[in-house]
Amino acid sequence: MDNQAIYKKIGSIGFGLLDPITNKKMSAAKIVTPELYDREGYPVDGGLMDIRMGVIDPGLRCKTCGQKIKECPGHFGYMELARPVIHIKFVTLILSLLRGTCKNCGKILIPPEKIAEHAAELKVLEEEGGDEERRKFITDIIYASKIATKCPHCKAKQQKITLEKPYTFLEDDKRISPIEIRSRLEKISNEELAIMGVKGESARPEWAILTILAIPPVTMRPSITLETGERSEDDLTHKLGDIVRINQRLFENINAGAPEIIIEDLWDLLQYHVTTFFDNEIAQLPPARHRNGQPLKTITERIKSKEGRIRHNLAGKRTNFSARTVISPDPMLSINEVGVPELIARKLTVPERVTEWNLEYLKEFVKKGPENYPGSNYIIRPDGKKKKITSETQESCVEELQPGYVVERHLMDGDIAIFNRQPSLHRMSMMCHKVRILPGKTLRLNVAVCAPYNADFDGDEMNLHIPQTEEARAEAEQLMLVQTQIISPRDGLAVIGGTQDALSGNYLLTGETEFTRRKAIEILSSAGISEFSRLPKKEKITGKEIFSILIPEDFSFRGETKDGHPLIIKKGVLMEGRMDSANLGEGAGLFLRSIHKQYGPEFTADVLSKIFKLGIAVLMQHGQSAVLSDLDLPHKTKESIKKIIEEAEEKIDDLIVEYKKETMDTLPGRTLKETFETKCLETLNKARNKVVNAVSDSSVEGSHFENMVRSGGAGKFLHLTQMAACVGQQALRGGRISSGYKDRTLSAFKKGDLRAAARGFIAGGFKDGLKPADFFFMGITGRDGLMDTALRTPKSGYLYRRLANAMQDLRVEYDETVRDSGGKIIQFQYGEDGVDVSKSEKGKINVKRIVENATGGKTQSRQSRDVRNSPEAN
Amino acid sequence: MTSTKKTSKHELIPVHEKLSDTEKEKLLSALGISFREIPKIRKNDPALAEMDVKAGDIIKISRKSVTAKNTVFYRGVTDV
């Protein structure tokens, strides 16, 4: 009979106010004394730690339920307040009720026929906005109809009621006592309340004025015993102690017939303490503090904000079977692997159920124990009892093991793990990896997956989670494995791609290079490729032919390289164009996307890691460095750059003259000064761009810098220019540097100097060296940039949080409408065009290519025009 | 600054049209929803200034769209 579970279904849950009678009924104890413990350290009867309200000391038994610590859920107590006080959380409700009803007869201050008139409107409002909206609406009516001075029912005069924050109600500047308020609220009938949006049966408004205070169970405010044996009470207990003390004094004074002023003062004090018991962060009230000055954490603070119960304990859980350390790169890992140190692998375990077929296999793990890898830490008996494997229990564990048991064995190669780096801004921040146990103490990952995690190795740490059930592992593997995440849901392009060396290497390889057959095989094998059957049967092999080995034989592709040249792949052979960041890089290019579309995620991941390794192998053979002479410019270029900059400076001088004479035409909506500054900035930027072009035109063919820039692996010509020729204008908040000293940027310049050089234009390059003033300018903009990032990160984080919370349960229905959890429509068609971006190319569907692929490359069909979203760009 | 031009004729305001009762029924049944689930527009919205609308009507808005060139949106009229 005992094991027969009784099932009950919750029909509904109602919320209301706690009335004094129920409060007394549900209470286990009446609290009368602020004392906590007697001389023996035993809780005082009727004190705040009364053992009728639950126990927190081991050994003691609860007087109410007879259970011990951890078993007893705790029981409420109650306290009779000498005078009623207002519950701070209900002042707005009380205010609107006082304002909306007659002080004499307790009826709503609108003629009955008016209520009927608005009834329909009210219904709609209530459906959409709930009680809050409804109540607002009612009070609006009262104010709008201007009959608030006289009750339409009993013709009694009404005074203006105001709230003096936080909890004092005034009627024509005279204070209304809580007793008076309570008696007024009592007059309002349940029917009248229903119109105001209050359910009288479960929430009589007078219950918002406290006559009896519920004392929370001891179990929710446990005291801690310090090492010195001293007891430290919870903040709530402290606060309750204050309330009890003041309440006692108030009782005594009333009974002794003390003057009204003293009683009033004590009453106020009681109100303050009860208020801060509920909320200690009321704007107009000084927070109640500990003796050391730190504010008490009372009920509201326990629930609210990031460290509160909701966000910290309920929405945010802590997990077992997880690890966190510093990460470091390992190019030898595949992109879907994660390197786990043995140290961690010995702590993280995977449960494996014993069957008659794997009994011997699992026994080996138990024999090895927790110290030797790969061993096991626990066995779980069929009845669910967990048994730790230690050197003592080891032998008995091995003996005991039989089908039905579960062994928690150490993490091993090939196990499923979820890898994560904060901030987890998109779904690629948590991906499933396969474990590889490695020596060392860091978590290792392939550099290609740094991009989706936004990770680098300057001390970044990442988290690892080990799914514990078969279902969780299957789900992680099917939905979260790295290769399933290659295509981003943001724009339908690859988020994982070549980076840095891999790009430069492939760029070099696919240029006009030629290798001997022997060398070609050497490069390919150092990239981990052992299948050479597709290598052309000749002595000299070009780089393009080597790269083609990685492309599937039936793959054809037409694209564009970074500098706009065509890239043509025909039947698995790279015919024209060099591979660069436009096609191999992350978040760009359709090459990777096309492969993914045709051959699937597994294959793409494989090709990607081969391309990566090949690039690095080529670069190792070739050698990659940077030489100062790479930055040498031909004499002719130097001259022309000098001329460009001189011209720009002259033009600025002309602008200065125009500005001073005020002959300049102002731009619409700008002042003369603003116009001048805009023009200066424009001139200088134009000049710098000219310099960049001059540098890129004359850059040394095949230099290391050139390779990096042209392949898209690292840097742009702008950065080359900054080193070789001209750093350019230092911009501060979108303009030239203008402040620092009075009318000048630095004390090295004359007041009112508006020339380029005096306002942060750095004409020289890093190689030639900066002028002293230039160092200051760079310092100014550098600091500004640093501060900007430091301030922007938390701000954008908060914006993101709000956006995510607002949109988290929107979804696309089968009819392509976007709806919220209440079924309300947000968009009539997802994204207005109904395109699933993750299956598109940059948000567009390339009908032309689809037709081409379907017809085998022959484009003639014009009928396919009416397909939704005709393509403009490719 | 008083403008003689009507607000609803401004180039930035898309075309607003009132749906007939049959169109309204058709739309609601096609989406399988009631008036409650449709996005709302207030009766005193400037875009509706020259239109004869009452609460419960549905307005068809034809907008230009970045993703789909032209797109239609519907809003149900509510009292203030």
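Just so you know, the sequences run in chain order U and R.
Counting in the working numbering, the first sequence runs from 19 upward without gaps.
Counting in the working numbering, the second sequence runs from 2 upward without gaps.
Virtual Cβ for every residue (Gly too), placed ideally from N, Cα, C.
For residue 525 (chain U), the three-state secondary structure derived from DSSP is helix. Cβ contact annotation for residue 497 (chain U) (same chain, cutoff 6 Å, sequence separation greater than five): none. According to DSSP, residue 859 (chain U) shares a beta bridge with U:862.
Annotation: Cβ neighbours of residue 835 (chain U) in chain R (cutoff 7 Å, chain order): 32. Within the same chain, Cβ atoms closer than 7 Å to the Cβ of residue 391 (chain U) are found at 360, 363, 364 and 428, the five residues on either side in sequence being excluded.
Within the DSSP secondary-structure output, residue 358 (chain U) pairs in a beta bridge with U:455. The shortest CA-to-CA distance from residue 619 (chain U) to any of U:413, U:263, U:513 and U:675 is the one to U:513.
For residue 625 (chain U), the three-state secondary structure derived from DSSP is helix.
Counting C-beta atoms within 10 angstroms of its own C-beta, residue 793 (chain U) has fewer than 16 neighbours from the protein chains shown and is therefore classed as exposed. The residue among U:783, U:641, U:501 and U:397 with its C-alpha nearest the C-alpha of residue 709 (chain U) is U:783. If one requires a minimum length of 4 residues, the alpha helix (DSSP H) runs lying completely within the region 81 to 121 of chain U are 109 to 118, in chain order. Nearest in C-alpha terms to residue 356 (chain U), of all of U:453, U:403 and U:593, is U:453. Under the DSSP definition of a beta bridge, residue 367 (chain U) partners with U:428. Each residue's CA atom was taken as its position, placing residue 35 (chain U) and residue 221 (chain U) some 5 Å apart.
With fewer than 16 other beta carbons inside 10 angstroms of its own, residue 273 (chain U) counts as exposed. For the region 36 to 48 of chain R, the set of positions with a beta-carbon nearer than 8 Å to some beta-carbon of chain U reads 37, 38, 39 and 40 in chain order.
In the DSSP annotation of this structure, the continuous segment of the beta strand (DSSP E) that includes residue 75 (chain R) starts and ends at 70 to 79. Assignment of residue 340 (chain U) by DSSP, reduced to helix, strand and coil, places it in the strand class. In the DSSP assignment, residue 55 (chain U) forms a beta bridge with U:61.
At a cut-off of 7 Å between beta-carbon atoms, residue 133 (chain U) makes no contact with chain R. Partner residues in the beta bridge of residue 558 (chain U), as assigned by DSSP, are U:534. Bounds of the alpha helix (DSSP H) holding residue 722 (chain U) are 722 to 729. For residue 510 (chain U), there are no C-beta contacts with chain R under 9 Å, since the nearest C-beta of that chain is about 13 Å from it.
Runs of the alpha helix (DSSP H) spanning 4 or more residues and lying entirely within the region 273 to 307 of chain U occur at 278 to 296, in chain order. If you draw a straight line from the Cα of residue 731 (chain U) to the Cα of residue 678 (chain U), it comes to about 47 Å. Inter-residue distance for residue 735 (chain U) and residue 347 (chain U) is about 28 Å (C-alpha atoms, whole angstroms). Contact with chain U is absent for residue 23 (chain R), since none of that chain's Cβ atoms lies less than 7 Å from the residue's Cβ. For the C-beta of residue 850 (chain U), the chain R residues within less than 7 Å are, from N- to C-terminus, 66, 68, 69 and 72. At a beta-carbon threshold of 7 Å, the residues of chain R lying near residue 842 (chain U) are 38, ordered along the chain.
Across the structure, residue 819 (chain U) and residue 419 (chain U) are spaced so that their CA atoms are roughly 49 Å apart.
Taking one beta carbon from each stretch, the region 17 to 32 of chain R and the region 44 to 63 of chain R have 3 or more pairs nearer than 8 Å; the two touch. Note that the C-beta distance between residue 570 (chain U) and residue 546 (chain U) is not below 7 Å. Residue 836 (chain U) is bridged by DSSP to U:830 and U:845. For the set U:499, U:178, U:538 and U:583, the Cα lying nearest the Cα of residue 567 (chain U) is the one of U:538. Contact annotation: residue 520 (chain U) and residue 633 (chain U) have beta-carbon atoms nearer than 7 Å. Checking the DSSP bridge columns, you'll see residue 405 (chain U) partnered with U:397.
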